[in-house]
Amino acid sequence: MEGISFESLVSEYLCETEEKHSVAVSMINLMFQKDPNSFALKLDVGSSHDDIDFRTKCVTLFFTLVNDDLCHWNSLSVSTQSILKTNLLMRLKLEQSTYINEMLFETVLALAASLLPNDNWPELLSFLYHYVTDSNSNKLLKDSVFSIFCFLGEVIGEKLVPWVRDLHPFFLNTLNDDTLDINVRIMAMFPVHMFIQCTPSSYEKERFQDLLPGMMKTLTDALITNGEHQEAAQAALGSLIQLAKNEPRFLRLQLVEVVNTMFEIAEAKILQECTRRLAIEFLLTLVEAREKVPGMMKKLPRFIDTCFTMFLNLILDIKDEPSWHSAEGAEINDHIYSNWNRWTVDNYLYGAACLCRFSKALGGNTIAPIAIEQLSSYVVAPEWEKRHAALIALVQIVRGSSKVMMIKYLEQVVNMVLHSFRDPHPRVRWAAINAICYLSTDFCPDLQEQYHNQVLPALAAAMDDFQNPRVQACASTAVVMFVLALKEPISFSHIDEILNKLLVLLQNDNQMVQDEALFALGSVADFSKEHFQKYYDFVMPYLKTILVNANDESNQMLQSKVLLCISKVALAAGKEKFRDDLKQVMEVLKYSLQESHVTEYKNILRCLKASSRICVCIGKEFLPYMSIVMPYAVECAQLEPDKTVSSDKLYDSMHKVMFGGEMICIYGSDLLEGKSVLCSALQVYAQILGEDFYPWILQAASILIPLLKFYIHSYVRKCASCAMVSLLRSAKLAVEKENAQGGNKWYFKQLPGRIILALGDALYSEPETKLCEKILRELNNCLNIGGTLLNEDQVHRITYAIKHVIIESSRRKGKLTEREKSEDFDAEEAELLREERELEEKVFYRVSCILLTLIKTFKAAFLPFLDELSSYLMPMTGKDKTAQERSACVNIFNKLVEECNESALQYYNICLPFLLDSSNDENPVLRENALYGLGLCAEYGGLVFKPFIGEALSRINVVITHLHALAPENEQAYHDAVFALGQICQFHRESIDSTQIIPAWLNCLPIRGNMVVHDQLCSMVERSDRKLLGPKYEHFPKLLLVFAEVLCAGKDLATEEMKNRMINPLRNLQKTVPAATWASAWSLLLPQQEMELESILSHKEDANLSSVQSGAKLGGRKGRKLKGGRQKLILRK
2 MEGISFESLV SEYLCETEEK HSVAVSMINL MFQKDPNSFA LKLDVGSSHD DIDFRTKCVT
62 LFFTLVNDDL CHWNSLSVST QSILKTNLLM RLKLEQSTYI NEMLFETVLA LAASLLPNDN
122 WPELLSFLYH YVTDSNSNKL LKDSVFSIFC FLGEVIGEKL VPWVRDLHPF FLNTLNDDTL
182 DINVRIMAMF PVHMFIQCTP SSYEKERFQD LLPGMMKTLT DALITNGEHQ EAAQAALGSL
242 IQLAKNEPRF LRLQLVEVVN TMFEIAEAKI LQECTRRLAI EFLLTLVEAR EKVPGMMKKL
302 PRFIDTCFTM FLNLILDIKD EPSWHSAEGA EINDHIYSNW NRWTVDNYLY GAACLCRFSK
362 ALGGNTIAPI AIEQLSSYVV APEWEKRHAA LIALVQIVRG SSKVMMIKYL EQVVNMVLHS
422 FRDPHPRVRW AAINAICYLS TDFCPDLQEQ YHNQVLPALA AAMDDFQNPR VQACASTAVV
482 MFVLALKEPI SFSHIDEILN KLLVLLQNDN QMVQDEALFA LGSVADFSKE HFQKYYDFVM
542 PYLKTILVNA NDESNQMLQS KVLLCISKVA LAAGKEKFRD DLKQVMEVLK YSLQESHVTE
602 YKNILRCLKA SSRICVCIGK EFLPYMSIVM PYAVECAQLE PDKTVSSDKL YDSMHKVMFG
662 GEMICIYGSD LLEGKSVLCS ALQVYAQILG EDFYPWILQA ASILIPLLKF YIHSYVRKCA
722 SCAMVSLLRS AKLAVEKENA QGGNKWYFKQ LPGRIILALG DALYSEPETK LCEKILRELN
782 NCLNIGGTLL NEDQVHRITY AIKHVIIESS RRKGKLTERE KSEDFDAEEA ELLREERELE
842 EKVFYRVSCI LLTLIKTFKA AFLPFLDELS SYLMPMTGKD KTAQERSACV NIFNKLVEEC
902 NESALQYYNI CLPFLLDSSN DENPVLRENA LYGLGLCAEY GGLVFKPFIG EALSRINVVI
962 THLHALAPEN EQAYHDAVFA LGQICQFHRE SIDSTQIIPA WLNCLPIRGN MVVHDQLCSM
1022 VERSDRKLLG PKYEHFPKLL LVFAEVLCAG KDLATEEMKN RMINPLRNLQ KTVPAATWAS
1082 AWSLLLPQQE MELESILSHK EDANLSSVQS GAKLGGRKGR KLKGGRQKLI LRK
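Numbering of the sequence shown is given in our numbering, commencing with residue 2 and proceeding in unit increments.
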C-alpha cells in the first residue's frame, strides 16, 4: 500500500471489509511507531476538515487510539499533547454534528480519566466552567459540559469542590428559570446530583439544599408538557433514585416536599407507567436506605399509610382471565415470585413485589398494625378483588418481616386465611392456600403446632376441588409445605391420607395438577426418609407407569419430573429397596438425557438433579453411570450468560449459548440455576464416590474454581465453595489408595494449593458477608485436608486474605456503630443490627478456626505469619468487643501454647493478663476457655508462668467457690477451673501451699464428663504423692471415694485405659495405708461400691478392669453431666 494517501488510509481503517481494515490497521501502527507526533497532528487537522464524512472518520480514529491504549497518548511529546488538548476543546465548542460531538465528548472523557487525577489538564475545568455559565453556549455544548461534569465527579471527586462553589449560583438560576429549554434544566440536574454525592463534607453538601426545590420544579414542569419530555424526566428520576440511595440524609430537611412530589407523580394516571414506577422506586429506595438513615421514613406523617394504600391499589389491578381457571401452561404462583422486568410487568405483580420490599425495609412492628387494620375489612369485602388482594398483601408482609416481629399477629393472620378457604371465588381460595405455603415456612413451627387441626383438613378438602385444578394443585404444594415442619407424632398420622390423595392427582390429565402432585410426593418422601420404606412398594408402581408411558417427545418434561420424584423416593427408601428398580430407572434417565432436545434445558437439569440423588442413594454403585451424566454436567456448568446484559435484567433475559452442538436461547434464570445445580452435583459425585471420582477431579476443579468469583449469582458461588472440600478429599483418597493412575502424588500436591488459594482470593472480592463466612468455613475444611502441602508463599497469601477479612469486618462493624447513633434509631433497627453483629461474630469465629488450623499444621513455623496479624487480633481482646470475639482470641492463644510450647513463651506477658481477666468474665463460654488456657499455660509455661500463679489461683478460687458454680450454664467453667488447678498442683508444686491447694483440688473430684482431671489424679497417685494423701493419710478417704466412683461408673468419668491405670496404685495403697485408716475409709463406701472394689482388688494383678467389672451402674452419689459434652482428653504431647 505504498503511496496511499492519508485520507485513503483513514477511510480504509473504517472500511467494513475485514481485509482492507486489517491492512489499514497495520499501516497506521507502522506510521504511528515511526513518527507518532506527525501522525497525531495529521489526525488533528483532519478533525477540522470541511468534509463532514472525513472529519467524522478522523475524530473516530483519534478516539479509538486514545481509548484503546493510552500508550499511544503517552508516546506523544508534551507540545503535541498540548496542541491536541487545546484543539479538542475548541472543536467540542464549535462542532454542530451530533455524532461528531458525541465522539469528541467520549475522547475528552477518556483523556480526563487519565490526566485529571494527576492535574495534567487544568485548563479543562476552566473550559467547562466558562461554557457552562456562558448564556451564548448552544444546547449541544451545554449537554456535553453537563455530562463531563457528571463524569468528573466520579473521577476526581473532591478536586471539583472549589469549582462547585462557584457554579452554585449558575445551577440555582438554571433550575428555576422557566424561560430556559426544559431539557437544559433537566440536564443541569445530573451534575448537581453528582456534586452532592462527591462532596465529602456534610457542611458543603448543605450548600445544595436551596437547589432541591428547583430540581423538583424542573421535574414537574417536564411532566406537565403533554408527555413531550417524559423520557428526559424519567432519566432525571433515575438520577434522583441514585441520590436517594447514596445520599438519603441530604433529603431530610425537605423530605415532606420531595415525597409529596413523588406521590403526585406515582398516582398521576395520565403519565406513562414507567414514569409512575420510577417515582415509586424513589420512595422505596428511601425506605431501603435504612443503613444510612434508619427510621427516617417511619417518622414522616402518613407516609406508611399512603404507601401501603398505593401498593394495595396496584395489587387490586387484576383481571379474572379464563386461562387462570383452566390452569393450562401457567406457573402455579402466577409468577409473583419469579424474575420479571419491573417496568413492564402487570401492576398486580409489581405491587406485590413493592409491598414485600416495603415490609422488609420497615419491619413487622411498623407495617403490621396498619396493614391488619385495613386488610381486615378487605377480607370480608363484597368485591373478590379486595378479598384476593388482602391475602396477597398478607403474604408479602409476612415474607418481608422477621418472625420475631410478626409472631404476635399470628392468630389474626391465620384467622383471615382460614376464613378465606370457604370463599366462593376460586382465586380467593387459591390466595388463601398460597398464603399457607409461605406461612408454613415463616411461622414454623408455631403455625403447625397451634393450627394443624384446622389447616390440614382444609387443605385436604381443597385437594378434592376437581372443578378448579389450579386450586387443587396449589393445595398439593401447601399440604407438603405445612407437613414438612410438623413434629413426628402429628405428621406421620397424616401421611396415609396425603399419599392416597396425591396418587389420585397423579392420574389427573391437567399438567399443573400432575406436576404439583409429583413435587408433593417427592417432598413427602424427602421428609419421611426411612419411614417411607413401607410406602415404597405402594408408590413406585404408579411412578414407573407414568415414567414408561411418558416416552414420546411431547412428554419429555413430564418424564424428567417423574425421574426427579423417583430419585427422592429412592433416596428415602434406601438402596436395598431401590435396587430392583435401579436398572430400569437409569435406562430411562439415560434415554431422557440423550433424547431431550437441547432446547429442553430444564429437562436436562432435572435429570442431573435426579442423578445426584440416585448417586447418594446407591453410593459407589453409581460409578458405571458417571460416563452418562458427566458430559452433560460439564457442558451445563460451562454455559456463560451474555456479558452485554446488565445484572438487573439478567434473570428474565434470553441468552444465546452453544449447547449440544447447537446455538440455543435460554432464560438467564435457568442458566444460573443450572450452574448451581451442577456445582452441587459435582460435589455429590466427589463426596459419594471418593477416590473413584479421581478421573474427573481435574475437570471438576477447572469448572468450579472460576465460579468462586461468579458475582452474578451468590448461590452459585456458595455451591462452588462447598464443593471444594469434596474434591480435595477425593483426590487425597485416590492418592492414599493408589487409585490415581501412575500414583500421581504430584497432582494432589498441586491441587490443595490451587483450591486453597482460590478460596483465599475469593475473600478479597466477596460482596456478601454471609457468603464470606461460608467461604471461610470451607477454607478451613480444605486446610485441614491439604494444609500441610502449602509452601511459604501460599501460607503468606492466605494470611493476607485473613487480614483483609478482619479489616473489612471491622469496617462494617464501625458502620453498624454509626447507625446506632442515628436520631431515627429504633427497636426494629436494633434487631437488624443484632443480626448483622452476630454475622460478624461468625466471620471472626471462622477466622479464628483457620488460625487454629494453621497453628496446628505448621506450629512454630507459623508464628512469623501470626505476628503480621497481631495488630489486627489484639484489638479483638478489648472490653468493647463481644464475648464471642474475645473467646476466639483466647482459643488462638490456647492453641499457640499447646502446639508451639517454648516458642509461644514470648506471648505470655501479653496474653496471660487477658486470659486471667477473662477467667472471671460473666460470659460462661469465655470464662471456661480462659480457665482451660490457664491450665495449658501452667503445663507449658514453666518459669514464665510463675509470676502469674498467685493471681491464677485467686481467679480459679472465685469460680470454684461461686454459689452457683454447678448451675448448668456454669458447669463447664467449673470443670475447667478444676482442671487448671490440677495443672498448677502438678507442674508448679514448689510455688504453691500444697497443704492447702491440693486438698482443695481433691475435694472437687470426681467430675463427670471431664476425664482429664482423673488422669491428673492417676499421675499423682502413681508417683506416691504424699502431699496428695496427707502426712497422716488424712486425705485418703476422699481419694478412695473418688477412685470408687470412677472405677464403678460407666464411661463418663474415665476411659478403660485410665481405669486400668488406677488399679495397681490402689492395690499398692492397700498395702501401705494403715489398716485402721483403710477400714475407716472403706466404711464410707456404698455397698455396691464395696462389692465392685473388692472384686477388682482381689483379681489377678495383670487383669484388665473390663474382665472383672460387672458393668452395674453406680447407685450412690450422682455425677454431674457436662452441658454440651465437651471433653478435653489429651493435654500433653
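Just so it is clear, CB atoms sit at the ideal spot from N, CA and C, and this is done for glycine as well.
Under the three-state reduction of DSSP, residue 712 is assigned to coil, being neither helix nor strand.
Apart from sequence neighbours up to five positions away, no residue of its chain approaches residue 136 with a beta-carbon distance below 7 Å. Taking C-beta separations shorter than 6 Å and ignoring five residues to either side along the sequence, the partners of residue 138 in its chain run 132, following chain order.
Cα atoms of residue 621 and residue 1042: separation of roughly 53 Å, rounded to the nearest angstrom.
Rounded to the nearest angstrom, the Cβ distance from residue 637 to residue 689 is 19 Å, too far for a contact under 8 Å.
Classified as exposed, residue 409 has fewer than 16 neighbouring CB atoms from the shown chains inside 10 Å of its CB. Burial state of residue 1080 is exposed, judged by a 10 Å Cβ sphere holding fewer than 16 other Cβ atoms. Put simply, the backbone Cα of residue 726 is about 55 Å away from that of residue 213. Less than 8 Å divides the Cβ of residue 640 from the Cβ of residue 675.
Here residue 442 carries a helix assignment [DSSP, helix/strand/coil].
In the DSSP annotation of this structure, the continuous segment of the alpha helix (DSSP H) that includes residue 262 starts and ends at 256-267.
Look at residue 542 here: in three-state DSSP terms it is helix. Residue environment: residue 568 is assigned as buried (16 or more neighbouring CB atoms within 10 Å of its CB, all protein chains considered).
In the displayed model, residue 294 falls within coil according to three-state DSSP, outside both helix and strand.
Under the three-state reduction of DSSP, residue 640 is assigned to coil, being neither helix nor strand. A distance below 8 Å between beta-carbons, with the five flanking residues on each side excluded, links residue 633 to the following residues of its chain, in chain order: 594, 605, 608 and 609. Assigned with DSSP and collapsed to three states, residue 64 falls in helix. In the three-state scheme derived from DSSP, where H, G and I count as helix and E and B as strand, residue 575 is classed as coil. Considering only 513, 361 and 26, the residue with the shortest C-alpha distance to residue 291 is 361. For residue 225, no alpha helix (DSSP H) encloses it, and the DSSP letter there is neither H nor E. A contact is defined here as three or more CB-CB pairs under 8 Å, and the stretch 201-215 meets this definition with respect to the stretch 240-252.
Per DSSP, residue 1002 is one residue of the alpha helix (DSSP H) stretching across 995-1003. When DSSP states are grouped into helix, strand and coil, residue 185 belongs to the helix group. Residue 1044 sits buried, since 16 or more C-beta atoms from the chains shown fall within 10 Å of its C-beta. Counting C-beta atoms within 10 angstroms of its own C-beta, residue 1059 has 16 or more neighbours from the protein chains shown and is therefore classed as buried. Taking every protein chain shown into account, the CB of residue 113 has 16 or more other CB atoms within 10 angstroms, so this residue is buried. Non-local C-beta neighbours of residue 1062 in its own chain, meaning closer than 7 Å and more than five positions away in sequence, comprise 1019, ordered along the chain. Shown here for residue 169: same chain residues with a beta carbon closer than 7 Å to its own, the five before and five after excluded, namely 208 in chain order. Following the DSSP letters along the chain, one finds residue 108 inside the alpha helix (DSSP H) bounded by residues 99-116. Closest in C-alpha terms to residue 49, from the list 98, 786, 75 and 26, comes 98.
Contact between residue 176 and residue 166 is absent: CB atoms are separated by about 17 Å, not below the 8 Å threshold. Collapsing the DSSP output to three states places residue 818 in a helix. Selection 412, 523, 242 and 547 evaluated against residue 508 yields 547 as nearest (Cα-Cα). The three-state reading of DSSP puts residue 1064 in helix, counting H, G and I together.
In chain order, 242, 245 and 246 place their CB closer than 6 Å to the CB of residue 286, counting only its own chain and leaving out the 5 sequence neighbours on each side. Judged by their CB atoms, residue 590 and residue 564 are nearer to each other than the 8 Å cut-off.
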